[in-house]
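J.: Please read through the structure below; I'll follow up with questions.
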Amino acid sequence: MDANATLNSALDHVRDALRNRLNAEALATTAELLTSYPDAVRVWRARASALEAANQHEAAAEAYNRVLDIVPADAGALLGCARTLSASGRALEAAEVARQALDYEPADTVMQDTARLDAPPHLPQSSIGR
3 MDANATLNSA LDHVRDALRN RLNAEALATT AELLTSYPDA VRVWRARASA LEAANQHEAA
63 AEAYNRVLDI VPADAGALLG CARTLSASGR ALEAAEVARQ ALDYEPADTV MQDTARLDAP
123 PHLPQSSIGR
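Sequential numbering of the sequence shown, starting at 3, is according to this note's numbering.
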């Protein structure tokens with residue numbers, strides 16, 4: 003099996019684990035994947051999703067920021083970062099990230115709501131970038 007097929011299989015495993023609420027398994031798998039693929043955007047996205055599912059919002063925001071270091075215009079990562087910042091009680095930072103996301107996804111109503119300073123304390127899941 004080539005490296006790409008191996009990575010795809012491992013990421014499928016992470017998605018299955020998250021779907022079945024096996025957050026610890028998803029976290030362990032993504033941590034292992036990062037040792038072999040430290041700059042793989044798909045692995046960082048999966049890691050951020052696993053951290054978010056485990057309610058580790060600060061760490062999830064950091065993982066989404068790692069995606070944004072690699073792909074600055076990733077609207078899904080911007081949304082995830084805003085969502086996790088909001089869940090961490092960092093509403094003003096979440097609003098700023100949401101405003102940045104609107105540059106890439108101006109029609110996204112979740113980001114429009116979040117970009118307001120009176121944004122709700124927790125953002126809903128969105129299908130952007132997923």
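Even for Gly, the Cβ is constructed at its ideal location relative to N, Cα and C.
1. Tell me which same chain residues have a C-beta within less than 6 Å of the C-beta of A50, skipping the five on either side of it?
2. What is the DSSP secondary structure of E54, reduced to helix, strand or coil?
3. To the nearest angstrom, how far is the alpha carbon of R21 from that of W46?
4. Unbroken alpha helix (DSSP H) runs of length 4 or more, entirely within the segment 75-112: which are they?
5. Considering only the alpha carbon of each residue, which of A52, L87, Y39, Q58 lies closest to L96?
6. In the DSSP assignment, find the unbroken alpha helix (DSSP H) run with D18 in it and report its ends.
7. Going by the beta-carbon positions, is the gap between A28 and A7 smaller than 8 Å?
T.: Taking the structure as given:
1. Your numbering for residue 50 matches position 48 in the sequence shown. Within the same chain, A50 has close Cβ partners A62, A65, Y66, G82.
2. Residue 54 sits at position 52 when you count from the first residue of the sequence shown. Three-state result, E54: helix.
3. In the sequence shown, the residue the question calls residue 21 occupies position 19. In the sequence shown, the residue the question calls residue 46 occupies position 44. Those two C-alpha atoms are separated by around 18 Å.
4. Here the runs fully enclosed are 77-89, 93-106.
5. Here residue 96 corresponds to residue number 94 of the sequence shown, with the count starting at 1. Checking the sequence, you will find Ala at residue 96 rather than Leu. Nearest in C-alpha terms to A96, of all of A52, L87, Y39, Q58, is L87.
6. On the sequence shown, position 16 is the one that residue 18 refers to. Start and end: 5-21.
7. Position 26 of the sequence shown, counted from the start, is the residue given in the question as residue 28. Position 5 of the sequence shown, counted from the start, is the residue given in the question as residue 7. No.
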